[in-house]
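Notes follow once the structure below has been shown.
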Amino acid sequence: MKDLSVILSGLKLDNPVIPASGTFGYGAEFKNFYDINILGSFSFKGTTQEPRFGNPTPRIAECESGMINSIGLQNPGIEAVVSEILPKMATYFKKPVIANIGGFSVAEFVCCAEMLDSSPQVGIIEVNISCPNLHKGGRNFASDPLAAAEVTAAVKKVTDKPVYIKLSPNVTSITEIAKACEDAGADGISMINTLVGMRIDIKTRKPIIANKMGGFSGRAIFPVALRMVYEVAGTVNIPIIGIGGIATARDVIEMMMAGATAVQVGAENLRNPYVCKDIIEELPKLMEELKIEKLSDIIGAAL
Amino acid sequence: MKDLSVILSGLKLDNPVIPASGTFGYGAEFKNFYDINILGSFSFKGTTQEPRFGNPTPRIAECESGMINSIGLQNPGIEAVVSEILPKMATYFKKPVIANIGGFSVAEFVCCAEMLDSSPQVGIIEVNISCPNLHKGGRNFASDPLAAAEVTAAVKKVTDKPVYIKLSPNVTSITEIAKACEDAGADGISMINTLVGMRIDIKTRKPIIANKMGGFSGRAIFPVALRMVYEVAGTVNIPIIGIGGIATARDVIEMMMAGATAVQVGAENLRNPYVCKDIIEELPKLMEELKIEKLSDIIGAAL
Amino acid sequence: MKQVFFEIASNILIADKVYELKLSGDTSGITAPGQFVNIMIGGFFLRRPISVCDWDDGSLKIIYKVVGEGTEALSKMENGRLDILVGLGNGYNLTECGKTPLLVGGGAGVPPMYGLCKKLVEAEALPTVVIGFNKAVDVFYKAEFEELGVQTIIATADGSIGVKGFVTDAIKTLDREFSSYCACGPEPMLKALSDTLTIKGQLSFEERMACGFGACMGCSCKTRYGSKRICRDGPVLRSDEVIW
Amino acid sequence: MKQVFFEIASNILIADKVYELKLSGDTSGITAPGQFVNIMIGGFFLRRPISVCDWDDGSLKIIYKVVGEGTEALSKMENGRLDILVGLGNGYNLTECGKTPLLVGGGAGVPPMYGLCKKLVEAEALPTVVIGFNKAVDVFYKAEFEELGVQTIIATADGSIGVKGFVTDAIKTLDREFSSYCACGPEPMLKALSDTLTIKGQLSFEERMACGFGACMGCSCKTRYGSKRICRDGPVLRSDEVIW
Ligand SMILES: Cc1cc2nc3c(=O)[nH]c(=O)nc-3n(C[C@H](O)[C@H](O)[C@H](O)COP(=O)(O)OP(=O)(O)OC[C@H]3O[C@@H](n4cnc5c(N)ncnc54)[C@H](O)[C@@H]3O)c2cc1C
Ligand SMILES: Cc1cc2nc3c(=O)[nH]c(=O)nc-3n(C[C@H](O)[C@H](O)[C@H](O)COP(=O)(O)OP(=O)(O)OC[C@H]3O[C@@H](n4cnc5c(N)ncnc54)[C@H](O)[C@@H]3O)c2cc1C
Ligand SMILES: Cc1cc2nc3c(=O)[nH]c(=O)nc-3n(C[C@H](O)[C@H](O)[C@H](O)COP(=O)(O)O)c2cc1C
Ligand SMILES: Cc1cc2nc3c(=O)[nH]c(=O)nc-3n(C[C@H](O)[C@H](O)[C@H](O)COP(=O)(O)O)c2cc1C
Ligand code: FES
Ligand code: FES
Numbered sequence: 383m384k385d386l387s388v389i390l391s392g393l394k395l396d397n398p399v400i401p402a403s404g405t406f407g408y409g410a411e412f413k414n415f416y417d418i419n420i421l422g423s424f425s426f427k428g429t430t431q432e433p434r435f436g437n438p439t440p441r442i443a444e445c446e447s448g449m450i451n452s453i454g455l456q457n458p459g460i461e462a463v464v465s466e467i468l469p470k471m472a473t474y475f476k477k478p479v480i481a482n483i484g485g486f487s488v489a490e491f492v493c494c495a496e497m498l499d500s501s502p503q504v505g506i507i508e509v510n511i512s513c514p515n516l517h518k519g520g521r522n523f524a525s526d527p528l529a530a531a532e533v534t535a536a537v538k539k540v541t542d543k544p545v546y547i548k549l550s551p552n553v554t555s556i557t558e559i560a561k562a563c564e565d566a567g568a569d570g571i572s573m574i575n576t577l578v579g580m581r582i583d584i585k586t587r588k589p590i591i592a593n594k595m596g597g598f599s600g601r602a603i604f605p606v607a608l609r610m611v612y613e614v615a616g617t618v619n620i621p622i623i624g625i626g627g628i629a630t631a632r633d634v635i636e637m638m639m640a641g642a643t644a645v646q647v648g649a650e651n652l653r654n655p656y657v658c659k660d661i662i663e664e665l666p667k668l669m670e671e672l673k674i675e676k677l678s679d680i681i682g683a684a685l
Numbered sequence: 383m384k385d386l387s388v389i390l391s392g393l394k395l396d397n398p399v400i401p402a403s404g405t406f407g408y409g410a411e412f413k414n415f416y417d418i419n420i421l422g423s424f425s426f427k428g429t430t431q432e433p434r435f436g437n438p439t440p441r442i443a444e445c446e447s448g449m450i451n452s453i454g455l456q457n458p459g460i461e462a463v464v465s466e467i468l469p470k471m472a473t474y475f476k477k478p479v480i481a482n483i484g485g486f487s488v489a490e491f492v493c494c495a496e497m498l499d500s501s502p503q504v505g506i507i508e509v510n511i512s513c514p515n516l517h518k519g520g521r522n523f524a525s526d527p528l529a530a531a532e533v534t535a536a537v538k539k540v541t542d543k544p545v546y547i548k549l550s551p552n553v554t555s556i557t558e559i560a561k562a563c564e565d566a567g568a569d570g571i572s573m574i575n576t577l578v579g580m581r582i583d584i585k586t587r588k589p590i591i592a593n594k595m596g597g598f599s600g601r602a603i604f605p606v607a608l609r610m611v612y613e614v615a616g617t618v619n620i621p622i623i624g625i626g627g628i629a630t631a632r633d634v635i636e637m638m639m640a641g642a643t644a645v646q647v648g649a650e651n652l653r654n655p656y657v658c659k660d661i662i663e664e665l666p667k668l669m670e671e672l673k674i675e676k677l678s679d680i681i682g683a684a685l
Numbered sequence: 624m625k626q627v628f629f630e631i632a633s634n635i636l637i638a639d640k641v642y643e644l645k646l647s648g649d650t651s652g653i654t655a656p657g658q659f660v661n662i663m664i665g666g667f668f669l670r671r672p673i674s675v676c677d678w679d680d681g682s683l684k685i686i687y688k689v690v691g692e693g694t695e696a697l698s699k700m701e702n703g704r705l706d707i708l709v710g711l712g713n714g715y716n717l718t719e720c721g722k723t724p725l726l727v728g729g730g731a732g733v734p735p736m737y738g739l740c741k742k743l744v745e746a747e748a749l750p751t752v753v754i755g756f757n758k759a760v761d762v763f764y765k766a767e768f769e770e771l772g773v774q775t776i777i778a779t780a781d782g783s784i785g786v787k788g789f790v791t792d793a794i795k796t797l798d799r800e801f802s803s804y805c806a807c808g809p810e811p812m813l814k815a816l817s818d819t820l821t822i823k824g825q826l827s828f829e830e831r832m833a834c835g836f837g838a839c840m841g842c843s844c845k846t847r848y849g850s851k852r853i854c855r856d857g858p859v860l861r862s863d864e865v866i867w
Numbered sequence: 624m625k626q627v628f629f630e631i632a633s634n635i636l637i638a639d640k641v642y643e644l645k646l647s648g649d650t651s652g653i654t655a656p657g658q659f660v661n662i663m664i665g666g667f668f669l670r671r672p673i674s675v676c677d678w679d680d681g682s683l684k685i686i687y688k689v690v691g692e693g694t695e696a697l698s699k700m701e702n703g704r705l706d707i708l709v710g711l712g713n714g715y716n717l718t719e720c721g722k723t724p725l726l727v728g729g730g731a732g733v734p735p736m737y738g739l740c741k742k743l744v745e746a747e748a749l750p751t752v753v754i755g756f757n758k759a760v761d762v763f764y765k766a767e768f769e770e771l772g773v774q775t776i777i778a779t780a781d782g783s784i785g786v787k788g789f790v791t792d793a794i795k796t797l798d799r800e801f802s803s804y805c806a807c808g809p810e811p812m813l814k815a816l817s818d819t820l821t822i823k824g825q826l827s828f829e830e831r832m833a834c835g836f837g838a839c840m841g842c843s844c845k846t847r848y849g850s851k852r853i854c855r856d857g858p859v860l861r862s863d864e865v866i867w
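Residue numbers (the numbering used here), protein chains in the order written: chain D, 383 to 685; chain Y, 383 to 685; chain F, 624 to 867; chain U, 624 to 867.
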């Protein structure tokens with residue numbers, strides 16, 4: 383029997399496979415495809431303080447080996463999530479979930495984290511700092527080490543749950559941001575969020591996405607995500623959840639060798655709703671081939 | 383008859399299709415595949431002051447819809463290029479060429495530019511500022527607006543040829559760097575160079591590339607390149623050569639609508655040596671379909 | 624909602640750039656006309672959403688227009704297997720259609736009207752069909768609708784066949800009361816219908832989609848009853864909830 | 624150096640994970656044994672470099688081992704067309720081989736030795752062949768070499784067939800003088816040969832490649848005569864220029 387378990391800040395997962403925020407909703411649709419309790423965990427759709435409709439449509443554009451999304455954090459707001467969605471989720475998902483929160487001010491992150499702190503279903507709070515900081519003239523939290531540290535420290539103060547900061551790849555030095563988060567008390571790093579990308583409709587001569595640009599993800603971004611995880615793993619001492627372009631068991635192994643303790647699968651869920659199940663079934667076979675007994679043994683093997 | 387011509391800082395090209403530096407050598411291999419005089423121009427392999435062997439091998443790794451290279455600027459040095467290679471090139475390429483230069487100090491860029499200034503074959507000097515600045519502790523010229531401006535101004539001083547600065551995408555704000563180059567006198571912007579990427583061999587558990595990381599390019603990076611060209615086109619008033627993931631005539635049109643005056647095709651040349659010829663033949667048909675008479679009319683159409 | 628691997632039975636051109644694709648495989652996931660399927664095409668990242676045109680136990684028919692690279696690639700497949708998610712979306716509600724519904728299809732919006740018409744006829748309703756195209760070469764499925772025994776009016780923008788003008792012009796020629804209307808087609812057509820007709824309608828919308836099964840919020844739209852996902856809560860919306 | 628679209632004639636398993644692929648198409652671009660071709664495989668960005676094993680007017684034979692996803696995909700193709708760049712690299716120089724050359728192949732390095740052997744025999748030289756494998760199930764082409772009328776010694780690491788040990792062990796059993804040697808196989812084997820044999824040798828090297836035709840500098844190596852590109856100035860290097 384292969385041992386697929388990994389531990390994220392004291393939370394033991396049966397396996398390292400976690401659907402990524404925004405690509406799995408609250409799990410309700412996927413449970414029609416397979417028993418989602420086979421997953422390590424899942425990260426639910428990014429939640430903000432107030433309900434948000436999100437961006438105008440079209441919100442989706444296709445790319446070679448990937449896609450662009452511009453959902454704009456559509457969600458029912460933290461109150462509805464805590465009081466309506468989490469209780470419903472408890473009926474079909476029996477493991478601790480990763481609660482992804484977004485925000486446009488430090489206060490918004492703090493409010494969301496506070497409300498999630500008392501939920502026993504939440505295993506980890508994942509703080510998506512890729513949104514622009516409306517209080518600082520739209521500068522991104524994720525591209526400024528001071529802002530990233532400020533959010534981290536503030537969220538840490540209001541919750542006892544492990545806090546993972548989700549980083550954006552659209553920066554000159556992601557290690558600098560990761561280090562700032564670690565120093566500010568982050569329990570782990572989730573990385574990477576989407577690259578900023580764009581497509582133009584050559585017939586209409588206009589951007590396909592109503593908001594012009596959006597977040598580019600899918601298989602195409604794997605080499606960038608892997609490199610960044612490798613760099614950050616060489617810099618910080620907290621666990622990393624590797625995200626970006628993962629679609630196969632081989633990708634999972636490669637990402638773990640780069641230094642990730644667990645992984646999240648994003649866009650691939652949208653084209654192949656069974657991908658996480660496929661990966662979980664394939665992992666023990668691939669481990670056999672590669673002579674790996676305990677999956678956690680390979681974390682950072684390439685460092 | 384469709385008009386495919388475009389003008390880069392006074393230099394009229396028959397069409398906007400230019401093989402990118404490092405993927406076309408000095409044209410000698412490609413002339414065995416087709417008559418390379420059909421090209422708009424081509425950008426030759428990055429040249430440094432001294433000859434360089436480059437990085438250890440393996441230097442190549444494959445990715446989904448792309449590849450990583452870590453050539454490390456292998457080249458015979460500027461003197462050999464000017465005195466031996468350019469005269470030989472004159473026998474088979476009859477159009478002005480784009481001279482790509484690299485450097486690890488401002489003085490190195492200046493030396494290369496000076497030596498190329500007197501060559502009538504050189505139409506444009508393309509300054510690849512993605513190399514680390516050895517004089518400033520390895521900080522990248524391309525990620526620091528001041529360093530980028532310094533190189534630009536210094537090179538401009540020693541040559542009357544149009545100077546295009548080639549930007550790296552691995553930065554938080556590419557518009558900031560582009561603006562700095564424009565303000566320092568750049569005649570145009572070439573963008574983008576490769577994204578930093580990595581792959582690991584899961585059998586050996588080691589990075590595939592000897593130098594661990596390398597430059598990721600090919601179709602996968604097109605949405606990132608397009609977005610950055612669009613951003614920079616909205617910021618500067620000098621022409622842009624759009625580079626990154628271009629493989630089809632549709633990509634060329636899309637990149638030009640984003641604001642590029644011409645384009646460069648990189649990695650795709652290595653897998654399909656005929657790609658530039660294919661694109662040049664396909665462009666008039668696609669223009670017919672899209673009711674475009676003069677290709678230069680669509681530059682920046684999506685802005 | 625189900626993943627099924629279908630075998631291509633045939634894939635033939637039936638009008639200018641329009642193909643009819645017959646597939647065999649498990650159709651038990653399909654529950655209503657107006658639902659759609661989401662087709663994986665080799666070499667493309669996203670699936671392509673296409674309406675169910677007709678189905679029975681073990682076979683499925685869809686009709687698609689070649690508009691881009693995905694549908695172009697699909698049109699070249701002569702045999703083999705296709706990975707398809709079936710039974711997506713709500714579809715039309717037959718009860719709400721009433722006894723004498725008007726079915727309106729425009730261009731690539733015609734196919735779901737066929738399946739709907741068939742189910743209505745089976746349920747002993749008396750639908751009337753109005754379908755619009757640009758010109759004669761674009762027209763398809765006139766005979767198929769007529770074989771169902773329903774009155775079928777064609778409108779073409781250039782008048783080369785049937786009533787000259789839009790579906791709304793053709794509807795004006797029908798001096799009759801309808802219990803409700805169902806429509807699928809370009810958004811301007813849907814809006815024109817909703818502006819002209821006072822009876823209740825069920826309108827099918829399109830949006831760029833990623834998942835097609837409700838998980839990504841890629842296809843949201845605002846309605847009078849809050850935000851809805853075209854792929855899951857739609858594609859069929861009631862005329863009184865649509866915000867134009 | 625030429626792009627050719629070849630038709631797959633056959634693609635069969637001839638040893639453990641080793642396939643022989645016969646192709647028909649224009650082989651006029653191939654000029655010497657030891658050259659290689661670069662094969663585009665659907666879904667992969669880079670082509671896969673594989674040595675020419677044998678060729679005549681209109682047909683080409685290559686032998687490849689399944690080691691990763693590309694060769695795995697190739698092994699599943701039964702028919703169809705392949706986009707291949709042919710005539711890449713320098714190949715072995717027959718004149719330099721002399722009258723009585725020793726040909727040494729290891730594992731996936733055996734195939735080019737066959738084409739070389741054939742050309743040498745045609746040129747009335749008297750080659751001796753030593754080929755090494757890990758174990759009996761890996762062995763291929765013993766009979767084919769023997770059919771050329773040349774002495775063919777097999778070495779296997781586990782001794783399950785032929786001489787137990789490496790090719791160098793097998794060579795020790797040959798009490799004879801050779802005019803030169805030619806080799807292709809894993810780098811440790813090439814180094815061992817170069818360390819043991821004092822005669823002139825031509826050694827074929829492998830490197831990760833992007834273009835395969837000399838444009839990208841992906842495959843450079845340092846030699847005593849400056850830097851060379853394995854794909855263009857190689858894959859065959861002379862033993863006296865190699866820097867180990
Ligand atoms: C619910 C629904 C039902 C549909 N039913 C039919 C049908 O029965 N017959 C038919 O011909 N067409 C139908 N369409 C439209 C069909 O999905 C598009 O024509 C098709 O996706 C175009 O793909 P392409 O690769 O050829 O075009 P490209 O433009 O190359 O596609 C690029 C991307 O844009 C998306 N896209 C392009 N046009 C549309 C569109 N109109 N709607 C949604 N996404 C689009 C594609 O899915 C793909 O992700 C339907 C669309 C939806 C949403
Ligand atoms: C000049 C030359 C001649 C060769 N001749 C033969 C031959 O006749 N028979 C044979 O079985 N093999 C031969 N090889 C090795 C063959 O190219 C690799 O086994 C093959 O590319 C592996 O592809 P893959 O997709 O299965 O492996 P993967 O590991 O999935 O490939 C990933 C990438 O690495 C490259 N790669 C992996 N292994 C090698 C290697 N050993 N050498 C170069 N690139 C590699 C691939 O080309 C691809 O770009 C030759 C290599 C070279 C350079
Ligand atoms: C449709 C979509 C919606 C997303 N929404 C969120 C979100 O709400 N919060 C978040 O932190 N990341 C969000 N992401 C980013 C993913 O969680 C993930 O970081 C990114 O897509 C990279 O992984 P991938 O390449 O596997 O898709 C979203 C991604 C997609 C494709
Ligand atoms: C093998 C290889 C070598 C390269 N060498 C150089 C170089 O010497 N100088 C330079 O400015 N860019 C170099 N580049 C970058 C390309 O010119 C181009 O900017 C980049 O690859 C993105 O384009 P693509 O996606 O079409 O490949 C190289 C790229 C590749 C793939
Ligand atoms: S397309 Fe994903 S929710 Fe509708
Ligand atoms: S692989 Fe490109 S030069 Fe050899």
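Note that beta-carbon positions come from the ideal geometry of N, C-alpha and C, so glycine has one too.
For residue i, name the three-state secondary structure that DSSP assigns.
i, result
"Glu864 (chain F)", "coil"
"Ile794 (chain U)", "helix"
Check distances from the C-beta atoms of the segment 599-612 of chain D to those of chain Y and list, in chain order, the residues that come in under 7 Å. Arg601, Ala602, Phe604, Pro605, Val606, Leu608, Arg609 and Tyr612
Mind listing which residues of the segment 563-591 of chain Y have their C-beta closer than 8 Å to chain D's C-betas, in chain order? Leu577, Val578, Gly579, Met580, Arg581, Ile582, Ile584, Lys585, Arg587, Lys588 and Pro589
Using the beta carbon as the reference atom, which residues fall closer than 5 Å to any heavy atom of ligand 1, ordered along the chain? D:Glu444, F:Phe659, F:Leu669, F:Arg671, F:Pro672, F:Ile673, F:Ser674, F:Tyr687, F:Lys688, F:Val690, F:Gly691, F:Glu692, F:Gly693, F:Thr694, F:Ala731, F:Pro734, F:Glu829, F:Arg831 and F:Pro858
Give me the subset of the segment 651-679 of chain Y whose CB atoms are less than 9 Å from a CB atom of chain U, sorted by chain position. Asn651, Leu652, Arg653, Asn654, Pro655 and Tyr656
Quick check: the segment 655-670 of chain U against the segment 837-845 of chain F, are at least 3 beta-carbon pairs closer than 8 Å? no
Using 8 Å as the Cβ pair cut-off and three pairs as the minimum, do the segment 600-612 of chain Y and the segment 582-590 of chain Y touch? no
Select from the segment 494-509 of chain Y all residues with a C-beta closer than 7 Å to any C-beta belonging to chain D, and list them in chain order. none
Contact residues within the segment 825-839 of chain F, judged by C-beta distance below 9 Å to chain D: Glu830, Arg831, Met832, Ala833, Cys834, Gly835, Phe836, Gly837, Ala838 and Cys839
Pairing CB atoms from the segment 410-423 of chain Y with CB atoms from the segment 474-494 of chain Y, are three or more of them under 8 Å? yes
Decide yes or no for the touch test of the segment 670-677 of chain U against the segment 842-861 of chain F: beta carbon pairs closer than 8 Å, at least 3 of them. no
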